[in-house]
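S.K.:
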Amino acid sequence: MQLLQDVFGQIVIPQEVYDELIVRNHLAVLAIQSANWIQVRSLSDRFSLQELQTQTNLDLGERAAILLAEELETDRLIINERAARQIAKSRRLPVIGMVGAL
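All letters in the sequence shown, in the order written, are residues -12 to 89 by this note's numbering.
1) Let's test the definition: count the other Cβ atoms within 10 Å of the Cβ of alanine 70 and tell me whether it reaches 16, buried, or not, exposed.
2) With distance defined between alpha-carbon atoms, name the residue in Ser29, Leu47 and Arg78 nearest to leucine -1.
3) Express the C-alpha separation of valine 16 and leucine 8 in angstroms, rounding to a whole number.
4) Throw me the rounded Cβ distance for the leucine 80 and glutamate 57 pair, which I believe falls under 8 Å.
5) How big is the Cα-Cα spacing for serine 77 and arginine 33?
6) Where does leucine 80 fall in DSSP's three states?
7) Once DSSP output is grouped into helix, strand and coil, what is the label at glutamine -3?
8) Considering only the beta carbon of each residue, do leucine 64 and valine 82 sit closer than 8 Å?
9) What is the rounded straight-line gap between the Cα of isoleucine 53 and the Cα of glutamine 2?
10) Taking its Cβ as the centre, do 16 or more other Cβ atoms sit within 10 Å of glycine -4, making it buried, or is it exposed?
Okay, here's the thing in structure tokens:
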């Protein structure tokens, strides 16, 4: 986690991704809760999440990450799933995978 902070400074993740981690009882939840440089944010437009679902077969977290990146006009979107990266690129988002991020 320290490496991510060193590379990016601040990270914003969608509430949907955070919720997926909680459901899976993922260890990252504790790190996210204790890291003041990681923010969990909700989308302001939930309708777009449904709309993107009808256009793609991406999971909820991937759709939320793409839409939040658009909403916040982020410098980079870290997303690992190849199909999600392709869709993000088609929407002109600056995308990297986790390996490329490190």
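Glycine included, every Cβ here is placed at the ideal spot set by N, Cα and C.
M.R.: In terms of the structure at hand:
1) What you label residue 70 is simply residue 83 of the sequence shown in a count that begins at 1. Looking at its Cβ environment, which holds fewer than 16 other Cβ atoms inside 10 Å, alanine 70 is exposed.
2) Sequence index remark: in the sequence shown, residue -1 carries index 12 (1-based). Reading the sequence as shown, one finds valine at residue -1 and not leucine. The residue with the shortest Cα to Cα distance from valine -1 is Ser29.
3) Taking the first residue of the sequence shown as 1, we reach residue 8 at position 21. Taking the first residue of the sequence shown as 1, we reach residue 16 at position 29. Cα to Cα, leucine 8 sits roughly 6 Å from valine 16.
4) The residue given as residue 80 occupies position 93 in the sequence shown. The residue given as residue 57 occupies position 70 in the sequence shown. Yes, they are in contact, since the Cβ atoms of leucine 80 and glutamate 57 sit about 7 Å apart, within 8 Å.
5) As a first step, residue 77 is located in the sequence shown; it is residue number 90 there, counting from the start. As a first step, residue 33 is located in the sequence shown; it is residue number 46 there, counting from the start. One C-alpha to the other measures close to 21 Å.
6) Taking the sequence shown and counting its residues from 1, one reaches residue 80 at position 93. In this structure, leucine 80 counts as coil in the three-state DSSP scheme.
7) As a first step, residue -3 must be located in the sequence shown, where it is residue number 10. DSSP places glutamine -3 in coil when its eight states are reduced to three.
8) One-based indexing of the sequence shown puts residue 64 at position 77. One-based indexing of the sequence shown puts residue 82 at position 95. Yes, these two residues count as a Cβ contact at 8 Å.
9) For the purposes of this step, residue 53 is taken as residue 66 along the sequence shown, with counting starting at 1. For the purposes of this step, residue 2 is taken as residue 15 along the sequence shown, with counting starting at 1. Going by the C-alpha atoms only, they are around 13 Å apart.
10) Residue -4 sits at position 9 when you count from the first residue of the sequence shown. Per the 10 Å Cβ criterion, exposed.
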